[in-house]
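The block underneath contains the structure these notes are about, expressed in structure tokens.
2 protein chains.
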Amino acid sequence: MSSEKLKIAVLGGTGNIGEGMVLRLALQNLMAEGVKNEVIIGSRSKETANEAAKEAISELENCGFDTSKITITGNSNHEAAQAAEVIILTIRFGHVLPLLHEIREALEDKILITPVVPMVKEGDLFVYKPPEEGSAALAIQKNVPASTKVVAAFHNIPAGKLRDIVKCKAVHHALVCSDDVEAKKMVINLTEHMGCMKPLDGGPLKQASIMESLTPLLINLAKLNGLRDLGINFS
Amino acid sequence: MSSEKLKIAVLGGTGNIGEGMVLRLALQNLMAEGVKNEVIIGSRSKETANEAAKEAISELENCGFDTSKITITGNSNHEAAQAAEVIILTIRFGHVLPLLHEIREALEDKILITPVVPMVKEGDLFVYKPPEEGSAALAIQKNVPASTKVVAAFHNIPAGKLRDIVKCKAVHHALVCSDDVEAKKMVINLTEHMGCMKPLDGGPLKQASIMESLTPLLINLAKLNGLRDLGINFS
Numbered sequence: 001m002s003s004e005k006l007k008i009a010v011l012g013g014t015g016n017i018g019e020g021m022v023l024r025l026a027l028q029n030l031m032a033e034g035v036k037n038e039v040i041i042g043s044r045s046k047e048t049a050n051e052a053a054k055e056a057i058s059e060l061e062n063c064g065f066d067t068s069k070i071t072i073t074g075n076s077n078h079e080a081a082q083a084a085e086v087i088i089l090t091i092r093f094g095h096v097l098p099l100l101h102e103i104r105e106a107l108e109d110k111i112l113i114t115p116v117v118p119m120v121k122e123g124d125l126f127v128y129k130p131p132e133e134g135s136a137a138l139a140i141q142k143n144v145p146a147s148t149k150v151v152a153a154f155h156n157i158p159a160g161k162l163r164d165i166v167k168c169k170a171v172h173h174a175l176v177c178s179d180d181v182e183a184k185k186m187v188i189n190l191t192e193h194m195g196c197m198k199p200l201d202g203g204p205l206k207q208a209s210i211m212e213s214l215t216p217l218l219i220n221l222a223k224l225n226g227l228r229d230l231g232i233n234f235s
Numbered sequence: 001m002s003s004e005k006l007k008i009a010v011l012g013g014t015g016n017i018g019e020g021m022v023l024r025l026a027l028q029n030l031m032a033e034g035v036k037n038e039v040i041i042g043s044r045s046k047e048t049a050n051e052a053a054k055e056a057i058s059e060l061e062n063c064g065f066d067t068s069k070i071t072i073t074g075n076s077n078h079e080a081a082q083a084a085e086v087i088i089l090t091i092r093f094g095h096v097l098p099l100l101h102e103i104r105e106a107l108e109d110k111i112l113i114t115p116v117v118p119m120v121k122e123g124d125l126f127v128y129k130p131p132e133e134g135s136a137a138l139a140i141q142k143n144v145p146a147s148t149k150v151v152a153a154f155h156n157i158p159a160g161k162l163r164d165i166v167k168c169k170a171v172h173h174a175l176v177c178s179d180d181v182e183a184k185k186m187v188i189n190l191t192e193h194m195g196c197m198k199p200l201d202g203g204p205l206k207q208a209s210i211m212e213s214l215t216p217l218l219i220n221l222a223k224l225n226g227l228r229d230l231g232i233n234f235s
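Residue numbers (the UniProt record's numbering), protein chains in the order written: chain A, 1 to 235; chain B, 1 to 235.
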């Protein structure tokens, strides 16, 4: 890694899942075992990203955390990706490929994490609708430089629990897939200190379609059975 | 229902998942709330089925259960299906469609439960390989009479835990899908008293592909992470 602290860009870090990711990544700096990092929120507008970064810091302060060891900044998606070693795509599938095209040169040699789930609503329920490559993960891999290490992770963690950094006591399994063994190990390590996730090795990237399809399943099960914010545990 | 006790045929009841199903269905006759039933094991040969029925009864006796209220018999797949109101297909996908063709007339107006998972081994891992209909469940529905009520269930319960009627204390979620609301309710009720399963409404039959794809995921996760006999819980 090029710096002592790992630089992590959360593109779409102003969205639902993105907000929780930013807070939980930042909090690792306060943990004995956490992965020390600087978080860069990426957004289409630098101003929105900056605003979100300030709000994240205030939220951590309001929760009583010591933010002196925490760095959260904001920038455009391209600048954020450029500055980072690890990039997390917390963006809807429909916007992902155009964005990758736009920031392509900033992705060389980086670890790119995709929690992206291509799904559509049909009637009351969601249906998994992967692109022709078989999954969002494989479509993403096809649209980045060969040196980019694509890791599929964080699909099945409910946004509400991820966001709830103080009260959420749930710990759910988080599957991590990649064809790059080192990148997968790094993301598994990052996941271990997220506070509400217990990582499991999900195998090669081609297995990501099953992980992606679990997200509409979780949403549908919640709706059909009067539950909410469902996560998964394997035992 | 045509009799006081529900007649349930377990086709392929001499196999791995089939054996556990037979024992756990039979044990419901000893429960206050269980669905009272007669189990008919179906197999290609009547003799094999009969033998399996006798072994199941002895196993229950050896475990100390009072078998006076339990009926387990064996027959050919066709005769077993003919006699039953509910038919469970604990058979490999490759053998399912030819069997359905053979026993088609015995399926009229019946509830047909499919835990069938079409999957293949690629290298060390299993890959979900659904037929062109999108899932085994939808392919099965296409190959039975219109009056047959197809219910997808019991895909994600590890055979080892299902089979271990005495020591297994695990309770995993079991998803149940069907387009027939009454048949789904009946199977949910049956599942509730299986001893190691907690049913969840999985929605219409078209959702079965996700449930089916979870089985190779569970096998792969166990292999990749040094675990075994994995089941799923949603919370």
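Glycine included, every Cβ here is placed at the ideal spot set by N, Cα and C.
- Fewer than three Cβ pairs drawn from the segment 111-124 of chain A and the segment 61-74 of chain A lie within less than 8 angstroms of each other, which leaves the two stretches out of contact.
- Nearest CB-CB separation between residue 203/A and chain B: below the 8 angstroms threshold.
- Exposure of residue 32/B is indicated by the presence of fewer than 16 other C-beta atoms within 10 angstroms of its C-beta.
- When the beta-carbon positions are compared, residue 43/B and residue 74/B come within less than 8 angstroms of each other.
- Residue 87/B is positioned such that its CB atom lies closer than 8 angstroms to that of residue 11/B.
- In the displayed model, residue 216/A falls within a helix according to three-state DSSP.
- The continuous beta strand (DSSP E) containing residue 119/B extends over residues 119-122.
- Note that the segment 52-66 of chain B does not touch the segment 209-226 of chain A; fewer than 3 beta-carbon pairs, one per stretch, sit closer than 8 angstroms.
- Residue environment for residue 78/B: buried (at least 16 other C-beta atoms within 10 angstroms of its C-beta).
- For residue 231/B, a Cβ of chain A is located within less than 8 angstroms of the residue's own Cβ.
- Contact between residue 232/B and residue 172/B holds, with the beta-carbon distance rounding to 6 angstroms and staying under 8 angstroms.
- Taking a C-beta distance under 8 angstroms as the contact criterion, residue 6/B and residue 37/B qualify as a contact pair.
- The alpha-carbon of residue 48/A is positioned some 35 angstroms away from that of residue 181/A.
- Closer than 8 angstroms to the CB of residue 210/A there is at least one CB belonging to chain B.
- At a cut-off of 4 residues, the continuous stretches assigned as alpha helix (DSSP H) that sit fully inside the segment 103-163 of chain A are 136-142, 159-163.
- In the displayed model, residue 227/B falls within coil according to three-state DSSP, outside both helix and strand.
- Cβ-Cβ distances below 7 angstroms link residue 168/A to 161, 196 in the same chain, with the five nearest sequence neighbours on each side left out; the list follows chain order.
- Per DSSP, the continuous alpha helix (DSSP H) segment holding residue 187/B begins and ends at 181-192.
- With respect to the C-alpha of residue 155/A, the residue from 145/A, 164/A, 137/A, 165/A having the closest C-alpha is 137/A.
- Pairing residue 187/B with residue 40/B, the inter-Cα distance amounts to about 17 angstroms.
- In this structure, residue 152/A sits near residue 205/A, with a CB-CB distance shorter than 8 angstroms.
- In the three-state reduction of the DSSP assignment, residue 40/B falls in the strand class.
- Residues of the segment 141-159 of chain A with a C-beta atom less than 7 angstroms from some C-beta of chain B do not occur.
- Put simply, the CB of residue 76/B is far from chain A, with every gap to its CB atoms at 8 angstroms or more.
- Membership of residue 48/B in the alpha helix (DSSP H) is indicated by the continuous run 46-62.
- In this structure, DSSP gives residue 198/A an extended state, which the three-state scheme calls strand.
- Beta-bridge annotation (DSSP): residue 172/A is paired with 197/A.
- What residue 220/A touches in chain B, judged by beta-carbon distance under 8 angstroms, is 202, 203, 207, going in chain order.
- Judged by DSSP secondary structure, residue 22/B falls within the alpha helix (DSSP H) whose first and last residues are 16-27.
- Scanning its chain for C-beta atoms nearer than 8 angstroms, with the 5 sequence neighbours on each side dropped, one finds around residue 200/A the residues 173, 174, 175, 176, 234, in chain order.
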